[in-house]
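Down below is the structure, laid out as structure tokens.
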Amino acid sequence: MRTFTDAREPATADEIWLLEHPPVFTLGQAGRSEHILNSGDIPIVRTDRGGQVTYHGPGQLVAYVLLDLNRRRIGVRRLVEALEQSVIALVAEAGIAASGKKAAPGVYVAGRKLAALGLRIRKGCCYHGLSLNVKMDLKPFAGINPCGYPGLHVTQLHDLGFSWTMAEVERRLTRHLLSRINPECSTP
1 MRTFTDAREP ATADEIWLLE HPPVFTLGQA GRSEHILNSG DIPIVRTDRG GQVTYHGPGQ
61 LVAYVLLDLN RRRIGVRRLV EALEQSVIAL VAEAGIAASG KKAAPGVYVA GRKLAALGLR
121 IRKGCCYHGL SLNVKMDLKP FAGINPCGYP GLHVTQLHDL GFSWTMAEVE RRLTRHLLSR
181 INPECSTP
């Protein structure tokens, strides 16, 4: 991501990378080691994204948004809202109410965090993005204070009654992301 962003030229196309990570805890720029309570055998990686500590693992969809914010004329706050609203719209398709929190970016359902956000802005371009818990082992979250908040509980689409495959979640999330960061673009 960093290499892609550093090599960007004014005409470089924006990209969205969707993937699942092997088990890993990541510490953002504000990350403090005291928020890692018990990492067990899971590696800890310091990253240059904003935020505190989170967990990534199989069954979690990570969307890296590599955008030229200057060209799109999108500010950071608007981008954060677009990412949050994309997940909120995704779960609304199944009648689930979700919301964001201005002081603690991410998407929450009944007080439980469903999606985490962490961005890095460099030379007017962003990278990193969001992680959405789809159908994963949530136990590793007990080894951290998610996003630096002691006692914060997490949830996932599967526990909310979603039976979509990862490919279906990818398709739907991409559609919602594109409609918010690139309104003139439509996807099937």
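Residues in the sequence shown are numbered from 1 upward in steps of one, following UniProt numbering.
From the three backbone atoms N, C-alpha and C, an ideal C-beta is built for every residue, glycine too.
The alpha-carbon of LEU152 is positioned some 9 angstroms away from that of PHE141. For LEU157, the three-state secondary structure derived from DSSP is coil. Rounded to whole angstroms, GLY161 and THR12 show a C-alpha spacing of 39 angstroms. Where THR26 is concerned, the enclosing beta strand (DSSP E) starts and stops at 24 to 27.
Here GLY118 is bridged, per DSSP, to GLY129.
Here the stretch 42 to 50 lies against the stretch 101 to 121, with 3 or more beta-carbon pairs under 8 angstroms apart. Contact between the stretch 26 to 38 and the stretch 49 to 67 is present, with at least three C-beta pairs closer than 8 angstroms. By the neighbour-count definition (other C-beta atoms within 10 Å, threshold 16), ASN38 is an exposed residue. Its chain contains PHE25, HIS35, ILE36, LEU37, VAL53, TYR55 as the residues whose beta carbon lies nearer than 7 angstroms to that of ILE144, once the 5 sequence neighbours on both sides are disregarded; these appear in chain order. In the three-state reduction of the DSSP assignment, ALA97 falls in the coil class. In the structure shown, GLN60 falls within a strand segment according to DSSP collapsed to helix, strand and coil. Apart from sequence neighbours up to five positions away, the residues of its chain that approach GLN85 with a beta-carbon distance below 7 angstroms are ARG180, ordered along the chain. A residue is called buried when at least 16 other Cβ atoms come within 10 angstroms of its Cβ; PRO146 meets this threshold and is buried. The beta-bridge partner set that DSSP reports for VAL109 consists of ARG112. Judged by beta-carbon spacing, LEU130 lies within the 8 angstroms limit of ALA116, meaning their Cβ atoms are closer than that value. Less than 8 angstroms separates the beta-carbon of GLY59 from that of LYS135. Taken in chain order, the unbroken stretches of beta strand (DSSP E) that lie wholly in the stretch 31 to 84 and span 3 residues or more are 44 to 46, 53 to 56, 60 to 68.
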